[in-house]
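One structure is given here, and the rest of the page talks about it.
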Amino acid sequence: MAILETVKVSFTYPNQLLPALNQVSFSVEPGEFIVICGPSGSGKSTLLRMVKQEIAPYGERSGEIFYNGKKLTEYEPVKIAKEIGMVFQDPENQIVMDRVFEELIFGLENIGMPTETMRTKLAEMVHFFGINHLLDKKIHLLSGGQKQIVNLASVLLMEPRILLLDEPTAQLDPVAAKDFLHMVKQMNDEFGITVLIVEHRLEEVFPLADRVFVFDHGSLKISGPPKDVIAKVWQEQYRPLFPYLPSTALLYLEHADNLQIVDIPLTVKEGRKWASQLKTHQFDTSFKKQENYNEKQNPILQVKNIYFQYEKTGKKILQSLSLTINEGEWLTIVGANGTGKSTLLKVMAGLESPQRGKLIYNGKKYSKPISTDIAYLPQNPKLLFIQDTVRGELIETAQQFHLENYEEKINCLVELLGIQSILDRHPYDVSGGEMQKSALACVLLPQPKILLLDEPTKGLDPEMKVALGKWLKSMQSRGLTIVMVTHDIEFAARFSDRSAMMFQGEITVTTSTKDFFKGNAFYTTVVNRMTRDGNIPEVVTVEEAEEKWGSQKIKN
Amino acid sequence: MDNGFRSLHPFVIFLYYVLAIAMIMLYQHPFFLTFACLLLVIFNFVLDQGKMLKKWVSMMIVLSLLFLILTPLTNHRGSHILFYLFNSAITLEALVQGLLNALTLIVILTLTITFNYCMTSDKFLFLFSKWMPKWSLLVMLSVRFVPLLNRRLMEITTVQKGKGLSVASGPLKQRIKHGLLLVQVLLTWSLEDGIQTADSMSARAYGLQKRTKYTPYKLHMNDGFMILILAGLTGTGIFGWWLGDGVLTLTPFLEPTILYGREWVFFTIYVLIIGFPLIVEGKEAIQWQYWKR
């Protein structure tokens, strides 16, 4: 019997014409691992919230949801709250308590469990997750990944039968995301917990999934085993969903001669198996054009021998760091958590002044923010907004910098970004991508020469990422220099020109992006891992493959 | 894990502080207060090598000097007139009263510093959560929120600096305006994120039924024994105060500061109460020494 079943579930938010969910019917067997994907605003989160009664959105609803054959509403609220657990996107905001220990037992206290039982359960869970060393810590001292694991553990302590996850790894770096997803998979494999996960990191979750649900415009478009779903999306040329396919599969679909559903690679291992069968002679080597990344190199910003630490006795965040940024390039800085990437951007923006070292912009030293020339977009764009509307914010910014005929500049920028429709809304009420764009409009208004971006793709869906990347690329062609700090190597590989690796407060390598990723054995894109050391020309992205291998089909 | 005095049941620790403050307030005698001060300073050093105490020491000196000077200036009672200042008598009694006030202040402050170490917020909450479960949860939430808001404000300040909103420079009026704007951003942001916290709370069954509270502390035999000792000592101490011992009589006659006869007995009890944590710590240290052999 299905553990969860929805029958023609529809939902419309108040004052909205179109339903957020439209006649959604599906059933989930116990122990299934379901991945839900689709563009932002396609109703994925709404669906999870409908299943999770306590936080169901307010609005017009129809249809029924069954849990173990009985309507959700017929159960005792405490039982259902316990048996359907949910983990949310933001690791920080889900946390209620100050210490890990208190956070873990929060749910247990809510369901009225006696102290002794709590101790036993906690002992088990802590052992299983290996988080004994975190128990007495203050939560804010943990990394994002650790926080999210605490959130997961805290939900699992209530022994749910169904686990709902709403983009749980969107705010995490790739390594932490991988750890988290494997933990979820382990719970699914070893304890048979049914998992419904909304996720954008498809390379990671597709191999784990039993079935994939594709949502678009509030309805369930395609469902089935991952490979079937991929094949279907491809065969029906369902273009808006292409960015959602794992790049291993995309590479295969674009270059495989006779498409076999079972052959669609989901993992790098499968991908390499396929790639090893490809033959070299099909490639016209003369086609391989030499990339010349030696345009006129005109340094616009120089960081020389910077030392930085936040506290006198604290850790040195940046150590004798030097970096040159050339005019008109897009530089990506990658590196593990806590290596000082974000701090470096703040220093470059003049927001933090280094203890030692020089910053030179256009041949002049500076130590204060020069926002008219160097714009900085923080990781959390919310911090930028002061006014009630996006328009107000733009006007305020223009006045702040005493810009002349700013109306025109605002209009021009708004049009470029395509955010006309949200101008009169509160910056917090728009989607993640729109908020990012509004923030970009604000910092780009004074027409700066350099744009510093801190994790611009965090929390964006694949489609928005591509759109953002393309837009930034177009700005770059208009002369904007971009420096970006990111964990998103796929994004960096696709769009940036030059990449640098940061390690222990220093820049270790700086080279053109393609060489950078080809030189890395571990820190590189999925496509590169799939194609390296084979008989085919090594590529980093699907786009590069198209360019180098040609769009013609390759014979297996 | 805590050890020594801090490993006792929170109730014992709390009782100690209540009783110690009572004894300090009752025994207004320079000799008693000086010893209390000495014991508590030692206690501070045992806890954290006096690090916290050092931070407070300058403020303590300034405050006690203020008391020492202001009391004789405002209080003119007493028969031993030392001299006249602006036509008002400065009496020895008032000076002694000032000394007593200043000493009491120092002793209480020194005690409070150790309180923060021994009675951490979770222990404190544990004690009161039994009677006020809702309030204790609210307090626990705020315990997290204060530093959280502080960190967020720092972040906002850094980012907004880039937009030219600075509270560190410019005319005062503008700085205030900027400061308010920053706080406004903080509030909007935090309220927005607070909704997510609320969701996460209700997703974990909050508010559906009566909560239980995890009790991390058990009352052991040892703790009960300690409570008995403390209560017995304080009972005797209060009896001594009722007899009038250990209180320096100022009016109508100024009593000599030196202790006599029976007062020494109550002094010993006083020292035992105030020095209670030191005894516990000392006992543990000695046990450790023996165990090592």
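If you read the sequences in order, they're chains A and B. Just so we're aligned, residue 620 is where the first sequence starts under this note's numbering, counting upward by one. Just so we're aligned, residue 7 is where the second sequence starts under this note's numbering, counting upward by one. All residues carry an ideal CB built from backbone N, CA and C; glycine is no exception.
Does the distance from the C-beta atom of L978 of chain A to that of I944 of chain A stay below 8 Å?
In this structure, L978 of chain A sits away from I944 of chain A, with a CB-CB distance that is not shorter than 8 Å.
Strand pairing of K984 of chain A, partner residues [DSSP]:
Answer is A:I979, bridged to K984 of chain A.
What in chain B is Cβ-close to S990 of chain A, meaning under 8 Å?
For the C-beta of S990 of chain A, the chain B residues within less than 8 Å are, from N- to C-terminus, G168, K169, G170.
Identify whether Q180 of chain B lies in helix, strand or coil by the three-state DSSP scheme.
DSSP places Q180 of chain B in helix when its eight states are reduced to three.
L154 of chain B: which of A:D717, A:E721, A:L800, A:K851 sits nearest, CA to CA?
In terms of CA proximity to L154 of chain B, A:D717 leads the group A:D717, A:E721, A:L800, A:K851.
Determine whether the Cβ of E590 of chain A lies closer than 8 Å to any Cβ atom of chain B.
Look at the range of chain A in this structure, 620 to 1175, and you will see that residue 590 of chain A is not part of it.
Pick from A:M744, A:K931, A:V953: whose alpha carbon is nearest that of P973 of chain A?
The residue from A:M744, A:K931, A:V953 with its alpha-carbon nearest to that of P973 of chain A is A:K931.
Any beta carbon of chain A sitting closer than 8 Å to that of P153 of chain B?
Cβ-Cβ to chain A under 8 Å: yes for P153 of chain B.
Alpha carbon to alpha carbon, how far is S661 of chain A from W1090 of chain A?
Near 23 Å, if we compare the C-alpha coordinates of W1090 of chain A and S661 of chain A.
What in chain A is Cβ-close to D229 of chain B, meaning under 8 Å?
Those within 8 Å of D229 of chain B in chain A number zero; the least Cβ separation is about 17 Å.
Exposed or buried, P36 of chain B, counting other C-beta atoms within 10 Å across all chains shown (16 or more means buried)?
With fewer than 16 other Cβ atoms inside 10 Å of its own Cβ, P36 of chain B counts as exposed.
Counting beta carbon pairs with one atom in the segment 667-679 of chain A and one in the segment 620-637 of chain A, are three or more of them shorter than 8 Å?
These segments touch.
Select from the segment 203-223 of chain B all residues with a C-beta closer than 7 Å to any C-beta belonging to chain A, and list them in chain order.
Taking 7 Å as the Cβ-Cβ cut-off, the segment 203-223 of chain B approaches chain A at T203, D205, S206, M207, S208, A209, R210, A211, Y212, L214, Q215, K216, R217, T218, K219, Y220, T221, given in chain order.
With H, G and I counted as helix, E and B as strand and the rest as coil, what does DSSP make of I19 of chain B?
Secondary structure of I19 of chain B (DSSP, three-state): helix.
Is the beta carbon of K219 of chain B closer than 8 Å to that of E728 of chain A?
Between E728 of chain A and K219 of chain B, the C-beta gap is smaller than 8 Å, which places the two residues in contact.
Taking 8 Å as the threshold (C-beta atoms), are V831 of chain A and V848 of chain A in contact?
A contact, by the Cβ cut-off of 8 Å.
Are at least three pairs of beta-carbons, each pair with one atom in the segment 933-949 of chain A and one in the segment 1118-1125 of chain A, less than 8 Å apart?
Contact between the segment 933-949 of chain A and the segment 1118-1125 of chain A is present, because at least three Cβ pairs lie under 8 Å.
Output the residue ranges of the beta strand (DSSP E) runs that lie fully inside the segment 218-291 of chain B and measure 3 residues or longer, sorted by chain position.
Within the segment 218-291 of chain B, no complete beta strand (DSSP E) run reaches 3 residues.
Looking at chain B, is there any beta carbon in it that lies within less than 8 Å of the beta carbon of A1164 of chain A?
No, A1164 of chain A lies away from the interface with chain B (no Cβ there is under 8 Å from its Cβ).
Interface residues of chain E around R150 of chain B at Cβ under 7 Å?
Checking the listed chains, one finds no chain E in this structure; the protein chains it contains are A and B.
Burial state of V794 of chain A, where buried means 16 or more other Cβ atoms lie within 10 Å:
That one is exposed.
Inter-residue spacing [alpha-carbon to alpha-carbon] between M227 of chain B and I235 of chain B:
If you take the alpha carbons of M227 of chain B and I235 of chain B, they lie about 13 Å apart.
Can at least three beta-carbon pairs, one atom from the segment 1088-1107 of chain A and one from the segment 1005-1014 of chain A, be found at a separation below 8 Å?
The segment 1088-1107 of chain A, when compared against the segment 1005-1014 of chain A, does not touch it at the 8 Å Cβ threshold.
Measure from the C-beta of E261 of chain B to each C-beta in chain A and report whether the shortest distance is under 8 Å.
No, because no Cβ of chain A sits closer than 8 Å to the Cβ of E261 of chain B.
Suppose you measure from the CA of L1003 of chain A to the CA of P658 of chain A; what does that come to, to the nearest Å?
Each residue's alpha carbon lies about 26 Å from the other.
Quick one: what's N945 of chain A bridged to in DSSP?
For N945 of chain A, which the question treats as bridged, DSSP gives the partners A:P918.
For chain A, is any of its Cβ atoms less than 8 Å away from the one on M146 of chain B?
Yes, M146 of chain B counts as interfacial toward chain A.
Report the neighbours of R12 of chain B on chain A: residues whose CB is nearer than 9 Å to its CB, in chain order.
Proximity of chain A to R12 of chain B at the Cβ level (cut-off 9 Å) is not reached, the minimal Cβ distance being about 14 Å.
Could you name the residues of the segment 691-724 of chain A whose beta carbon sits closer than 8 Å to any beta carbon of chain B, in the order they occur along the chain?
Against chain B - using a Cβ distance shorter than 8 Å - the residues of the segment 691-724 of chain A are P696, V697, A700, K701, G704, M705, F707, D709, E711, N712, Q713, I714, V715, M716, D717, R718, E721, I724.
Could you check the C-alpha separation between E889 of chain A and W1168 of chain A for me, to the nearest Å?
Roughly 20 Å between the two C-alpha positions.
Determine the burial state of Q190 of chain B: buried for a count of at least 16 other Cβ atoms within 10 Å of its Cβ, exposed for fewer.
Exposed.
Just checking: is the beta-carbon of T734 of chain A within a distance shorter than 8 Å of some beta-carbon in chain B?
Output row for T734 of chain A: interface = yes.
Backbone secondary structure at Y123 of chain B - three-state DSSP
In the structure shown, Y123 of chain B sits in a helix (DSSP, three-state: H, G or I).
C-beta atoms of E290 of chain B and G10 of chain B nearer than 8 Å:
In this structure, G10 of chain B lies closer than 8 Å to E290 of chain B by Cβ.
I need the straight-line Cα distance from E1015 of chain A to P1000 of chain A, nearest angstrom please.
When rounded, the distance between both Cα atoms is 16 Å.
Residue range of the beta strand (DSSP E) that includes Q642 of chain A
Element bounds for Q642 of chain A: 640-647.
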